[in-house]
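Before any comments, here is the structure.
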Amino acid sequence: MRLAVALLAAAVLAGACTPVAPYQRGYLARPDMAMEPSDAGTAKALEKVYPAKEAARGGASIGGGGCGCN
Amino acid sequence: MRPLLLLAMLAALALPCAALAVGPGGAIPGVAAPRLADPSQRVEFAKLRGDVVYVDFWASWCVPCRESMPALDSLFRMYHARGFRVVGVNKDVTTGDALRFLQRVKVSFPLVADRDDVVAKAFDVQAMPSGYLVDRKGVVRYVHLGFTADTEAQLRTEIEKLLGSGA
C-alpha cells in the first residue's frame, strides 16, 4: 500500500512538471531570459535584485551581509 | 491495492501527456488561424483541400528558418500555378519579432499567427521548423522535422509527385 501511495504521489508530482514544447522556445529566447544580461540596464537590474533574492546582500562587494539590512 | 488498479491509475495520469502527433496518413487538423498581416482574416486549414499544401511552422528565433523560408518561397513561386500552396505558421512570442524577421527575409506565401498555440497543439509540432506536406485530399503525406541542405531537393521531388499524381 505504501509503495502504491508513493508511486501515485510521484505520478501526481511528475504531472506538475511542464515541459517546454519546441514551438514555445521563443519564450526562452527572450533577451531577459539569457544567463548573461545582453544590455547594461538589465545587468544593473539583476545586480540589484540578485542579492535580495538570494538573501546575500553585500555578498558581491561589501563585507558582511546575509541579514538583508544594509 | 491491486497492481492492475494501480497501473490503470498511473495510465490515466499519463494520458494527458500522450502525444497525438500528425503524421503521414493522418488528416490535416481542422483548425483556423488569423493572418499575420490582417488578423481579421482567418485561414481555415480544412478548406485548403483541393491544392497540395505545405504547412510550415517557423519563428524568428529558429535558426534553420533563415534557410527554410527563402527555400519555401522559391518552391511556392515555382509550383503555385500548378496548385501548390504554402502556409507559414508563425511561432514568435510577439508579432513585432516576426515582422522584423520578414523585413530581412521576404516571402510571398500567406502567413498566420498562432499566439495561443492552437495550431501547433493540433499538429503536435515536434521540432522547429516543422513542415507538413498535404495532398489535394487533405491527407498529410510527408513530414519534415528541421531543415537541412537536402530538404529543399527532397521537398521538390515530393511536391512534383503529389502535383502529378492528382492525389
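Protein sequence lines correspond, in order, to chains E and W. So in our numbering, spot 48 of the first sequence is number 1461, and the numbers just go up one at a time. So in our numbering, spot 142 of the second sequence is number 543, and the numbers just go up one at a time. Note that CB positions come from ideal geometry on N, CA and C, so glycine has one too. This one's a predicted model, so the numbers in the text were calculated from it and none came from an experiment.
Return the bridge partner residues of Y543 (chain W) from the DSSP annotation.
Its beta-bridge partners are W:L534.
If we ignore side chains and look at the alpha-carbon of each, how far apart do M479 (chain W) and S1451 (chain E) end up?
Roughly 41 Å between the two C-alpha positions.
Can you find a C-beta in chain W that's less than 8 Å from the C-beta of R1438 (chain E)?
Among the CB atoms of chain W, one or more fall inside 8 Å of the CB of R1438 (chain E).
Counting contacts by CB-CB distance shorter than 8 Å, is V423 (chain W) in contact with chain E?
With 8 Å as the cut-off, V423 (chain W) does not count as an interface residue toward chain E.
Taking a cut of 7 Å between CB atoms, which residues from the segment 503-516 of chain W lie near chain E?
Those residues of the segment 503-516 of chain W that come within reach of chain E (Cβ to Cβ, closer than 7 Å) do not exist; the list is empty.
Alpha carbon to alpha carbon, how far is L649 (chain W) from V453 (chain W)?
The structure shown has nothing for residue 649 (chain W), since chain W only spans 402 to 568.
Enumerate in chain order the residues of its own chain whose CB-to-CB distance from S531 (chain W) is below 6 Å, with the five nearest sequence positions on each side excluded.
The residues are F458, L546.
Suppose the cutoff is 7 Å on Cβ atoms and the five residues either side in sequence are ignored; what does the same chain contact list for V444 (chain W) look like?
A433, A434, R436, V488, P511, V513.
Where does L512 (chain W) sit, in a helix, a strand or coil, going by DSSP?
L512 (chain W) falls in the strand class under three-state DSSP.
Checking the sheet assignment: what are the DSSP bridge partners for E445 (chain W)?
According to DSSP, E445 (chain W) bridges with W:A433.
S509 (chain W) to K522 (chain W), Cα distance in whole Å?
If I take the Cα positions, the gap works out to 26 Å.
Partner residues on chain E for D493 (chain W), Cβ-Cβ distance less than 8 Å
In chain order, G1439 make up the part of chain E whose C-beta sits under 8 Å from the C-beta of D493 (chain W).
Burial state of G497 (chain W) (16 or more Cβ within 10 Å):
Classification of G497 (chain W): exposed, given that the 10 Å Cβ count is below 16.
Through-space distance from T549 (chain W) to V560 (chain W), alpha-carbon basis
According to the sequence provided, residue 560 (chain W) is Ile. The question's Val does not apply to it. Here the alpha carbons of T549 (chain W) and I560 (chain W) stand approximately 17 Å from one another.
Report yes or no: is there a C-beta of chain E within less than 8 Å of the C-beta of A434 (chain W)?
Not closer than 8 Å to any Cβ of chain E, the Cβ of A434 (chain W) fails to qualify, so no.
Is there a C-beta anywhere in chain W that falls below 8 Å from the one on A1419 (chain E)?
It does not; no Cβ of chain W falls within 8 Å.
Contact under 8 Å by Cβ, K448 (chain W) with Y1436 (chain E)
The answer is no: Cβ separation not under 8 Å.
Rounded to the nearest angstrom, what separates D386 (chain W) and A1434 (chain E) at their Cα positions?
No statement about residue 386 (chain W) is possible, as the shown extent of chain W runs from 402 to 568 and does not include it.
Which term fits Q555 (chain W), buried or exposed, when burial requires 16 or more other beta carbons within 10 angstroms of its beta carbon?
Q555 (chain W) should be labelled exposed.
Residue nearest to K562 (chain W) in terms of C-alpha spacing, selected from W:V544, W:E553, W:V526, W:D536:
Ranking W:V544, W:E553, W:V526, W:D536 by Cα distance to K562 (chain W) puts W:D536 first.
Within the continuous beta strand (DSSP E) that includes Y455 (chain W), where are the two ends?
Start and end: 453-459.
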